[in-house]
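Residue numbers (the numbering used here): 1069 to 1512. Note that CB positions come from ideal geometry on N, CA and C, so glycine has one too.
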Amino acid sequence: MRFHQALGAALALAAALSCGTDALALTNISTWAVTEVTAAQKADLEPSALQKKAATGSITREEFCGIALRLYESVTGKTVGKGGDTPFADTDSPDVAAAYALGLVSGRGEGVFDPDGLITRQELCKTLDNIIAAAGLEAPPSDPEALSEYPDRDEVASWAEGAVARMLDSGVMRGVSRLQNDETGEAHETVTLSPGGKTTREQALMLSLRFTETFERAPDPEPEAEPNRNPAQDPEPAVPGKKPSDAFNDMKDFVEGGNLPAQGDGKAMPSPLPETEAQKMAFIFGVGGTYFETVEEAEAAMAEIEIPVWRLQEDGSKKAGTAYVTVNRALAPLYRAAFQEIFDGDEQFPIKDVGSYAWRPTPTSEHRWGTAIDINYDENMEATINADGTLTPTTGTHWTPGENPYSIPEGGDVYRAFTKYGFSWGGNAWRSKRDYMHFSYFGR
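In structure tokens:
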């Protein structure tokens, strides 16, 4: 891989870009960095948080969370859901929440993330190393002893040694070169690790580009062939051992009349579709079952599904792609059917981010159950309704259907697909707020 092109080519490109810098989110990109930064932007590694920011300014911890999520999506092919809660008191950033949920970043301690703090070189290396682990990438072994050749090796924190060594060995990060005069006044080049040093925004994008070109996802193992068996001889699935409630008495006729299992198995579309809340509760949790009480219980009920999506290109065209989302297993057939109808629709509605399951502290959160889904969160804001009828965004920035292609129009393909299968839309479900990104099975 070549990281530096001929100076003449870079200067020519810089001159061309100077006539239309609005096409680039970052401003004042250094001449020597234009080639790699442009490649990183074309690879969709630049988050919207960097829009109109100075390329030579130091990148913050929150800003790098946005890059880290783009990296994770790039190397896995998965779309990261956003909008979850964070344990931090000093930020409600969806990027920080999503990066924390994936295990890519951690806080400073005592509930502090320090979103505006400048990320150090060793923290950046650690985040990249966490992406390798979270994405299941193949990574070479790391030998911290290799750091001993650098004069400031002792300044590297113990928790970052392996990550710094791996990024240096792989060529993703390089040492910092400085000219220093010796006692005689002669200049000598000194290469240091500078673990506590800062990274500019343009450098962060360049490192990210190198990361995607260096580390590749390990191929998924071939699934084992299932032995021939007679499904009729399978034991009945266990139902959560909780006391039945009178609220589920109407499930008996529903199950018997439609020949539908009391709890969805994630394999077949239920017929008829559950309609009442009691029918839906029994379908999701089993007759007599109730909300998930632990993370382990919830995650055991989830499944990752592959869905077709349209991706909006820079020239305004749309390209067929694939996204992955973790949902409640019982609803997997409904989710697949809804997204297939959206994909086949006349609108070719583009989807850039989508998320469903996320553990929340609130027992009745539908994201905790995997029964709600958020689509294109920034362009389909969640907002409170003020006394004068105006909206104040709480997540995302706007909702402008007809103007922004990512905004979900009421009555459009996305709306019709999900409401067809029993979901409510947060754009018209409540009086107290609007949540245009949000479709929920129980209307919460």
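Nearest to residue 1177 by C-alpha distance, out of 1156, 1185, 1215, 1163, is 1156. Around the CB of residue 1241, 16 or more other CB atoms lie within 10 Å, so the residue is classed as buried. DSSP places residue 1398 in no beta strand (DSSP E); its state is neither H nor E. Within its own chain, the residues whose Cβ lies closer than 6 Å to the Cβ of residue 1210, once the five positions on either side in sequence are excluded, are 1230, 1233, 1234, listed in chain order. With distances taken between CA atoms, residue 1440 lies nearest to 1400 out of 1475, 1400, 1479, 1418. For residue 1198, the three-state secondary structure derived from DSSP is helix.
By alpha-carbon distance to residue 1506, the top candidate from 1472, 1490, 1424, 1484 is 1424. Residue pairing for residue 1371: DSSP places it in a beta bridge opposite 1395. In the DSSP assignment, residue 1503 falls within the beta strand (DSSP E) that extends over 1501 to 1503. A direct Cα-Cα distance of roughly 11 Å separates residue 1358 from residue 1351. In this structure, the CA atom of residue 1268 is about 45 Å from the CA atom of residue 1510.
The bridge partners DSSP lists for residue 1506 are 1442.
Straight-line spacing of the CA atoms in residue 1437 and residue 1220 works out to 49 Å. Comparing C-alpha distances from residue 1462 to each of 1160, 1493, 1105 shows the shortest one belongs to 1160.
In the structure shown, residue 1473 falls within a coil segment according to DSSP collapsed to helix, strand and coil. Its chain contains 1093, 1134, 1446 as the residues whose beta carbon lies nearer than 8 Å to that of residue 1116, once the 5 sequence neighbours on both sides are disregarded; these appear in chain order. Listed in chain order, the alpha helix (DSSP H) elements of length 4 or more contained wholly in the segment 1188 to 1267 are 1189 to 1203, 1229 to 1238. Per the coordinates, the alpha-carbon of residue 1449 lies some 4 Å from the alpha-carbon of residue 1464. A contact between stretches requires three or more CB pairs, one per stretch, nearer than 8 Å, and the segment 1489 to 1498 meets this requirement with the segment 1397 to 1413. Rounded to whole angstroms, the separation of the alpha carbons of residue 1103 and residue 1225 is 33 Å. Setting aside the 5 residues that flank it on each side, residue 1402 is surrounded in the same chain by 1489, each with a C-beta closer than 6 Å to its C-beta; the list follows chain order. Apart from the 5 residues on each side of it in sequence, residue 1435 sits with its Cβ closer than 6 Å to the Cβ of 1426, 1428 in its chain, given in chain order.
For residue 1148, the secondary structure class from DSSP, reduced to helix, strand or coil, is coil. Contact between the segment 1494 to 1502 and the segment 1413 to 1421 is not established, with fewer than three Cβ pairs separated by less than 8 Å. When 1163, 1246, 1499, 1474 are compared, the shortest CA-CA separation from residue 1381 is found for 1474. A direct Cα-Cα distance of roughly 9 Å separates residue 1470 from residue 1476. A straight line joining the alpha-carbon of residue 1227 with that of residue 1191 spans about 9 Å. Exclusion of the five residues before and after residue 1123 leaves 1094, 1096, 1097, 1269, 1270 as the residues of its chain whose Cβ lies within less than 6 Å of its Cβ. Cβ contact annotation for residue 1366 (same chain, cutoff 8 Å, sequence separation greater than five): 1360, 1425, 1427, 1436, 1437, 1438, in chain order. Taking C-beta atoms under 8 Å as the contact rule, residue 1147 and residue 1391 qualify, at a distance of about 4 Å. Taking the Cα positions, residue 1223 is about 46 Å away from residue 1375.
Along the length of the segment 1088 to 1127, whole alpha helix (DSSP H) runs at least 4 residues long occupy 1102 to 1110, reported in chain order. Scanning its chain for C-beta atoms nearer than 7 Å, with the 5 sequence neighbours on each side dropped, one finds around residue 1415 the residues 1480, 1481, in chain order. About 11 Å separates the Cβ atoms of residue 1130 and residue 1118, ruling out a contact at the 8 Å cut-off. In the three-state reduction of the DSSP assignment, residue 1488 falls in the helix class.
For residue 1498, the number of other beta carbons within 10 angstroms of its own is below 16, and it is reported as exposed.
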